[in-house]
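Have a look at the structure below, then the notes.
Chains as they are written, first to last, in the working numbering: chain Y, 58 to 197; chain X, 23 to 180.
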């Protein structure tokens, strides 16, 4: 069995786009917190300034995929089928965190809920729920 | 859209923010109320290094931004807008090496809220990579002054 850190590195560490965003992940057992430190290139509204909605959406989507890669042992990476993002608060120029809960993982499809927050976990800036296509169960 | 409206601003609105600039977005066309944006294929935006397919996040950002631009095109003036929600269906992986396009149209413009549909494609608009439906809040900055997000809380407005 591959350990959790290696599983995570296989998703986030190897993904060029995750490096482009500057995303990393912290692990507590099999629960992962995605961390996106603030960087100027993430800004969508320069006046406020506020993070681009695409950044927050992408962070939560990657969080869902990484959490699935951690807890579901499949031969290939999960792929998004559909996602719905609710934007709750303006994303300020601060570090953003995200955590995913796998509501159901079936044979082929997983349903995942994600929340992203900044200063306060209780005041999320956005949430996502979506379906992801899982690979075949990995032979272990 | 009239010549005196937002048309001359749209190329800047396509790529002028730090994030859209970093992703290399550009305005392709505005035909009536349909706005088309382009995201160039880049190795550093790949989601799966084994296949070279662009990350879903790039598709998300492109659809979100094209949809917002469709709101400005429909309004024919610039105002602050914020995405309320965005639903994306991923129909197939984008083809590695191809630039990505998004075409968006605001199909209902209200006083406070606008509704937009958009599709993303690489070769053929009839064979989309993804489709999106979204709602935007208009005048989302409201009473907030420039720099509002640099201090205090973000409880006001969107």
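For glycine and all other residues, C-beta sits at the position ideal for the given N, C-alpha and C.
Predicted model only: the values in this text are computed from it and were never measured.
Do residue 126 (chain X) and residue 138 (chain X) have their CB atoms nearer than 8 Å?
Yes, these two residues count as a Cβ contact at 8 Å.
Assign residue 89 (chain X) to buried or exposed, taking buried as 16 or more other Cβ atoms, counted over all protein chains shown, within 10 Å of its Cβ.
Result: buried.
Could you tell me whether the segment 152-167 of chain Y touches the segment 113-130 of chain X, using the rule of 3 or more Cβ pairs below 8 Å?
The segment 152-167 of chain Y, when compared against the segment 113-130 of chain X, does not touch it at the 8 Å Cβ threshold.
Do the CB positions of residue 68 (chain X) and residue 77 (chain X) come within less than 8 Å of each other?
A contact, by the Cβ cut-off of 8 Å.
Assess contact between the segment 49-61 of chain X and the segment 59-69 of chain Y, defined as three or more Cβ pairs (one per stretch) separated by less than 8 Å. Is contact present?
These segments do not touch.
For residue 173 (chain X), tell me which candidate among Y:192, Y:176 and Y:184 has the shortest Cα-Cα distance.
With distances taken between Cα atoms, residue 173 (chain X) lies closest to Y:176.
Could you pull out every residue in the same chain whose Cβ sits closer than 6 Å to the Cβ of residue 148 (chain Y), ignoring the five residues on either side in sequence?
These residues qualify, in order along the chain: 107, 108, 113 and 182.
Whole angstroms are fine: how far does the CA of residue 128 (chain Y) sit from the CA of residue 197 (chain Y)?
Low local confidence applies: a pLDDT of 47 at residue 197 (chain Y) is under 50, so the model's placement there is unreliable, with the coordinate-based value given in what follows. Cα-Cα distance, rounded: 14 Å.
According to DSSP, is residue 194 (chain Y) helix, strand or coil?
In this structure, residue 194 (chain Y) counts as strand in the three-state DSSP scheme.
Distance, Cα to Cα, residue 138 (chain Y) vs residue 148 (chain X)?
Their Cα atoms are separated by approximately 19 Å.
Using the beta-carbon count (16 or more within 10 Å), is residue 166 (chain Y) buried or exposed?
It counts as exposed.
Could you check whether the Cβ of residue 106 (chain Y) sits closer than 8 Å to any Cβ belonging to chain X?
Judged by the 8 Å Cβ criterion, residue 106 (chain Y) is in contact with chain X.
Counting along the chain, where does the beta strand (DSSP E) carrying residue 158 (chain X) start and finish?
Unbroken beta strand (DSSP E) run through residue 158 (chain X): 152-160.
Quick check: the Cα distance between residue 161 (chain X) and residue 142 (chain X), rounded to an integer number of angstroms?
Straight-line Cα distance between these residues: approximately 26 Å.
Count the C-beta pairs between the segment 36-50 of chain X and the segment 90-108 of chain Y that are closer than 8 Å, then say yes if the count reaches three, no if not.
Judged by Cβ distances under 8 Å, the segment 36-50 of chain X makes contact with the segment 90-108 of chain Y, as three or more pairs qualify.
Quick one: grab the DSSP three-state call for residue 184 (chain Y).
In the structure shown, residue 184 (chain Y) sits in a strand (DSSP, three-state: E or B).
With 8 Å set as the bound, which would you pick, yes or no: does the beta-carbon of residue 141 (chain Y) sit closer than that to a beta-carbon of chain X?
Yes, residue 141 (chain Y) lies at the interface with chain X (some Cβ there is under 8 Å from its Cβ).
Shorter than 8 Å from the beta carbon of residue 100 (chain Y) to some beta carbon of chain X?
Chain X contact via Cβ: present.
Under 8 Å, with one C-beta from each stretch per pair, do the segment 183-195 of chain Y and the segment 43-51 of chain X reach the 3-pair mark?
Segments in contact, no.
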